[in-house]
Amino acid sequence: MLLHGSSVPAATEIYRVFEKRVEERVALAEKYLKEEIEFSADESSMMSRKDASWPKNDIEAAELWRLQIKEAVLGETLRRELVAKLSKEQGKEDPSKADRSPKDKVSLRYKRFLNSVKDVDEEEIANYFLSSIARAYDPHTDYMSFREMNRFKDGMKNELVGIGALLGAEEDGATKIQGIVVGGPADRDGILKLNDRVVAVDTLNSGKPEDMVDIMFMKIDKVVDYIRGKEGTSVALKVEPAGGTPGETKIVVIQRGKVEMKDEQASGQIIDMKNEKGETQRLGIITLPSSRPGEEHPGPGPGEGFRQGQAHLRWSDGGDDRQEQCLRQ
Numbered sequence: 003m004l005l006h007g008s009s010v011p012a013a014t015e016i017y018r019v020f021e022k023r024v025e026e027r028v029a030l031a032e033k034y035l036k037e038e039i040e041f042s043a044d045e046s047s048m049m050s051r052k053d054a055s056w057p058k059n060d061i062e063a064a065e066l067w068r069l070q071i072k073e074a075v076l077g078e079t080l081r082r083e084l085v086a087k088l089s090k091e092q093g094k095e096d097p098s099k100a101d102r103s104p105k106d107k108v109s110l111r112y113k114r115f116l117n118s119v120k121d122v123d124e125e126e127i128a129n130y131f132l133s134s135i136a137r138a139y140d141p142h143t144d145y146m147s148f149r150e151m152n153r154f155k156d157g158m159k160n161e162l163v164g165i166g167a168l169l170g171a172e173e174d175g176a177t178k179i180q181g182i183v184v185g186g187p188a189d190r191d192g193i194l195k196l197n198d199r200v201v202a203v204d205t206l207n208s209g210k211p212e213d214m215v216d217i218m219f220m221k222i223d224k225v226v227d228y229i230r231g232k233e234g235t236s237v238a239l240k241v242e243p244a245g246g247t248p249g250e251t252k253i254v255v256i257q258r259g260k261v262e263m264k265d266e267q268a269s270g271q272i273i274d275m276k277n278e279k280g281e282t283q284r285l286g287i288i289t290l291p292s293s294r295p296g297e298e299h300p301g302p303g304p305g306e307g308f309r310q311g312q313a314h315l316r317w318s319d320g321g322d323d324r325q326e327q328c329l330r331q
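In the working numbering, the protein residues as written are 3 to 331.
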């Protein structure tokens with residue numbers, strides 16, 4: 003019934019309760035952030051509550067949140083003091099002077115989290131639910147949504163169609179260009195720069211203002227879906243240039259193309275080494291960035307006989323279930 007229905011009613015009901023709880027907790031966080039926070043009391047907050055008991059009631063839960071908010075504001079304040087101290091020692095200008103206040107920074111984090119919780123569709127809810135069921139039976143088993151399956155296939159090929167940029171989420175809701183793939187469309191075009199901030203996307207490059215989709219506080223995987231498309235088509239990005247004046251924006255149009263993820267490809271090499279008898283032996287080393295069933299890994303070539311082999315797995319997580327902070331286009 004779960005698999006063949008048009009939706010998963012149980013999953014939706016559970017998720018809506020979770021969403022309501024998040025709204026309540028974020029509202030509570032905002033309430034505490036508007037109050038004066040004192041750091042003179044001898045209090046402590048657990049860094050991880052993974053093995054801690056659940057709060058017994060709403061009063062106990064509210065106290066945990068008060069301490070968590072206090073710790074977050076204190077952590078941000080101490081971070082700024084350290085940055086200011088290091089900047090002074092190095093004779094540089096303090097970069098945190100133009101930053102938001104610690105309270106505002108913490109507030110933005112919670113607002114972004116709330117937006118990510120609310121910005122889900124039925125496919126994502128079903129994915130959360132069915133993945134939990136699968137992992138309950140086997141921690142190495144996962145359910146893949148249609149989006150995840152497409153990304154998985156792209157990963158297997160080490161190639162995809164996009165603009166060739168590494169994206170990261172900013173606390174204020176924008177999407178930052180954290181890297182540009184050498185030889186990719188964005189690199190060849192040369193207009194998009196590191197640290198540029200994308201605030202809207204016109205996936206069809208229609209030129210119509212109504213087709214420019216606001217991506218502020220949008221989850222990175224959804225931003226990726228807007229930017230990617232068919233090879234040869236163009237996408238328009240509304241960008242705040244790195245180093246530009248506040249409020250300055252420009253439109254960057256890039257033609258989508260194939261992007262080779264060379265860092266994900268397997269590689270092999272031969273090393274000549276001496277054993278305890280002084281004899282030369284050949285060691286073959288194969289580096290696998292990730293485990294890819296069915297892939298032919300380029301190891302030592304014919305005639306390069308070796309007696310020992312070593313496989314280096316950059317990710318040792320039981321397979322291809324990787325959760326990445328940023329997604330390459």
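From the three backbone atoms N, C-alpha and C, an ideal C-beta is built for every residue, glycine too.
Keep in mind the model is a prediction, meaning the values are calculated, not measured.
Counting along the chain, the unbroken alpha helix (DSSP H) around glycine 77 starts and ends at 60-91. Inter-segment contact for the segment 213-233 and the segment 158-176 is present: three or more beta-carbon pairs are separated by less than 8 Å.
Two segments are said to touch when three or more pairs of C-beta atoms, one from each, lie closer than 8 Å; by this definition the segment 142-152 does not touch the segment 198-208. The shortest CA-to-CA distance from lysine 72 to any of Arg102, Tyr130 and Lys33 is the one to Lys33. For lysine 279, no alpha helix (DSSP H) segment is defined, and its DSSP state is neither H nor E. Short of 8 Å from the beta carbon of valine 119, and not among the five residues preceding or following it, lie these beta carbons of its own chain, in chain order: Phe20, Glu21 and Val24.
The straight-line gap separating the alpha-carbon atoms of lysine 210 and isoleucine 253 is approximately 12 Å. In this structure, the alpha-carbon of glutamate 83 lies about 11 Å from that of proline 104. When the Cα atoms are used, leucine 88 and asparagine 277 turn out to be separated by approximately 49 Å. Under the DSSP assignment, threonine 14 falls outside any beta strand (DSSP E), being part of the alpha helix (DSSP H) whose first and last residues are 11-36. The segment 127-144 and the segment 181-198 do not touch, with fewer than 3 CB-CB distances between them shorter than 8 Å. Just measuring C-alpha positions, the residue of Thr143, Val225, Asp216 and Val255 sitting nearest proline 187 is Val255. Taking C-beta atoms as the reference points, alanine 13 and alanine 128 count as a pair closer than 8 Å. Within its own chain, the residues whose Cβ lies closer than 8 Å to the Cβ of methionine 48, once the five positions on either side in sequence are excluded, are Ala54, listed in chain order.
Here proline 97 has Val85 and Ser89 as same chain residues with Cβ atoms under 8 Å from its own Cβ, once five neighbours each way along the sequence are excluded. Boundaries for serine 147: no beta strand (DSSP E) harbours it, and the DSSP string shows neither H nor E there.
Per DSSP, the unbroken beta strand (DSSP E) holding leucine 239 starts and ends at 236-242. Around the C-beta of glycine 280, fewer than 16 other C-beta atoms lie within 10 Å, and the residue is accordingly described as exposed.
Cβ-Cβ separation between valine 261 and leucine 162: approximately 6 Å, consistent with a contact (criterion under 8 Å). No Cβ-Cβ contact shorter than 8 Å links glutamate 45 with leucine 80. Between leucine 30 and alanine 64, the C-beta gap is smaller than 8 Å, which places the two residues in contact.
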